[in-house]
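Right, one structure below, let's go through it.
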Amino acid sequence: MLRSHSPHRSIKATCEVAAYAIALIAASTYSRADSFTQIDLVSSVPNLANTTDPNLKNPWGVSFSPTSPFWVSNQGSGTATLYDGAGTPQALVVTIPPGTPPVTGPTGQVFNSTTGFLVNGVPAHFIFDTLNGTISGWAAGTSASVTATTAGAVYTGLALNTSGSSTYLYAANSTGNIHVFNSLWADVTGTTFAGKFVDPNAVAGFVPFNIQTIGSNLYVTYADLTPIGTGLPGGYVDEFDANGNFIKRIATGGALYAPWGMTLAPSGFGSYSDDLLVGNFGNGEILAYDPSTDAYLGTIDGTDSLPLVNPFLWSLETRTGGTNANLDAVYLQLASTTSRTGYLEKLTQLYLNPQQFSEQHSACSHSY
Numbered sequence: 217m218l219r220s221h222s223p224h225r226s227i228k229a230t231c232e233v234a235a236y237a238i239a240l241i242a243a244s245t246y247s248r249a250d251s252f253t254q255i256d257l258v259s260s261v262p263n264l265a266n267t268t269d270p271n272l273k274n275p276w277g278v279s280f281s282p283t284s285p286f287w288v289s290n291q292g293s294g295t296a297t298l299y300d301g302a303g304t305p306q307a308l309v310v311t312i313p314p315g316t317p318p319v320t321g322p323t324g325q326v327f328n329s330t331t332g333f334l335v336n337g338v339p340a341h342f343i344f345d346t347l348n349g350t351i352s353g354w355a356a357g358t359s360a361s362v363t364a365t366t367a368g369a370v371y372t373g374l375a376l377n378t379s380g381s382s383t384y385l386y387a388a389n390s391t392g393n394i395h396v397f398n399s400l401w402a403d404v405t406g407t408t409f410a411g412k413f414v415d416p417n418a419v420a421g422f423v424p425f426n427i428q429t430i431g432s433n434l435y436v437t438y439a440d441l442t443p444i445g446t447g448l449p450g451g452y453v454d455e456f457d458a459n460g461n462f463i464k465r466i467a468t469g470g471a472l473y474a475p476w477g478m479t480l481a482p483s484g485f486g487s488y489s490d491d492l493l494v495g496n497f498g499n500g501e502i503l504a505y506d507p508s509t510d511a512y513l514g515t516i517d518g519t520d521s522l523p524l525v526n527p528f529l530w531s532l533e534t535r536t537g538g539t540n541a542n543l544d545a546v547y548l549q550l551a552s553t554t555s556r557t558g559y560l561e562k563l564t565q566l567y568l569n570p571q572q573f574s575e576q577h578s579a580c581s582h583s584y
């Protein structure tokens, strides 16, 4: 279900639709009933998508530099794989230690452009956390290096943010809290960040599931997880500053179902342009919220006017550059009910349905 476009937003019609390695969503910039068509770009199983990559096993977190390919954390294969804008696998495959799936494996991931977080004397370009409580950095070669380990931690998300002159890594620990590391890889959770990342109205039984930098702040999703890591109905989303101070509750319950992925929609995303999108790991729906009022706005729907459902939905991402990147797109990736066996893992493209695209393309030189 969709709502009319907020009057405070200025939207420019998008003039192209292309294929991308990670879910793409684009919408009519003036319709109040935007709908989307889905194309599967990459799968671990032959003939289920445009491209096959057997390394794509339970693809979880995604990151990229302004110009790089997509880097995908494959929890099920213990690797990071790269894909260009058309979903074509790149030659580099990076092993994330300890590399003994399925009980371990990478989850969250960030791109690092700072001079800190050194690996073998140079800054790590990409940083990963894992289900077995490790943080690893990659600077070159085909393997990342373990740089920090926290006994008993189960990391399910990762963010990078700056407070003053210091940059920190923030890891969502699904055993119950947020762990923070400084640029020397030291755990400062109990020192600099003691007593931080506390919601004064925390819901019993819910744990941090993901953490992501949006704007200058950190957004944390909370889920009620079963012992095997599946999500139960419900959840909530909080906003904190980079120092871990609670700002507000953004969403609670309602349509939330073990939320994980988060992003702000691009400005060419139809009636949901610039809104906060939240992906439900539990039921595969994508929800939209007004970033100013936090009001729930509806779901991302297909051409049948029903919510698009991608079971075991992980990351939602947008891009501001990169080869073949559609700047009015949202990219997503998903696993399946048998994600650790390599069945049906996909990188998927969602795009404006052809009729709406035709109408939009004819007006692509105009702003609305």
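The working numbering runs 216 ahead of the 1-based position in the sequence shown. Virtual Cβ for every residue (Gly too), placed ideally from N, Cα, C. Values in this document were obtained by computation on a predicted structure and should not be read as measured data.
Beta bridge counterpart(s) of residue i as assigned by DSSP
i      : result
Gly518 : Phe252
Tyr488 : None; Tyr488 has no bridge partner.
Asp454 : Val436, Arg465
Ala504 : Leu493, Gly514
Trp530 : Trp530 is not bridged to any residue.
Val310 : Ala296
Asn393 : Asn389
Ser279 : Trp287
Thr479 : Leu493
Gly447 : Leu441
Residue i, buried or exposed, once every other Cβ within 10 Å from all chains shown has been counted against 16
i      : result
Asp520 : exposed
Lys273 : buried
Asn461 : exposed
Gly357 : exposed
Gly469 : exposed
Asn260 : According to the sequence as given, residue 260 is Ser; it is not Asn. By the 10 Å Cβ count, Ser260 comes out buried.
Ser329 : exposed
Leu522 : exposed
Gly484 : buried
Ser432 : exposed
Ile343 : buried
For residue i, three-class secondary structure by DSSP
i      : result
Asp599 : Residue 599 is absent from the model: the chain starts at 217 and stops at 584.
Leu400 : coil
Asn328 : coil
Ser286 : Rather than Ser, the amino acid found at residue 286 in this sequence is Phe. Phe286 falls in the strand class under three-state DSSP.
Val338 : strand
Thr268 : strand
Phe425 : strand
Gly411 : coil
Leu167 : Because residue 167 is not part of the residues shown, which for the chain are 217 to 584, the question remains open.
Alpha-carbon spacing of residue i relative to residue j, whole angstroms
i      : j      : result
Leu400 : Ile255 : 42 Å
Pro507 : Ala481 : 10 Å
Val258 : Ala296 : 14 Å
Thr407 : Asp415 : 19 Å
Ile430 : Asp457 : 10 Å
Asn377 : Ala340 : 15 Å
Ser289 : Leu513 : 30 Å
Ser390 : Ala410 : 18 Å
Ser359 : Asn271 : 15 Å
Leu560 : Pro262 : The pLDDT assigned to Leu560 is 45, lower than 50, so where the model puts this residue is not dependable; a value taken from the coordinates is nonetheless given after this. If you take the alpha carbons of Leu560 and Pro262, they lie about 9 Å apart.
Gly538 : Pro275 : 21 Å
Asn499 : Phe333 : 36 Å
Thr405 : Glu501 : 33 Å
Gln428 : Val338 : 25 Å
Ala418 : Asn540 : 42 Å
- Minimum length 3: unbroken beta strand (DSSP E) runs contained in the region 343 to 387: Under the rule that a run must span 3 or more residues, the beta strand (DSSP E) segments found entirely inside the region 343 to 387 read 350 to 354, 361 to 365, 371 to 379.
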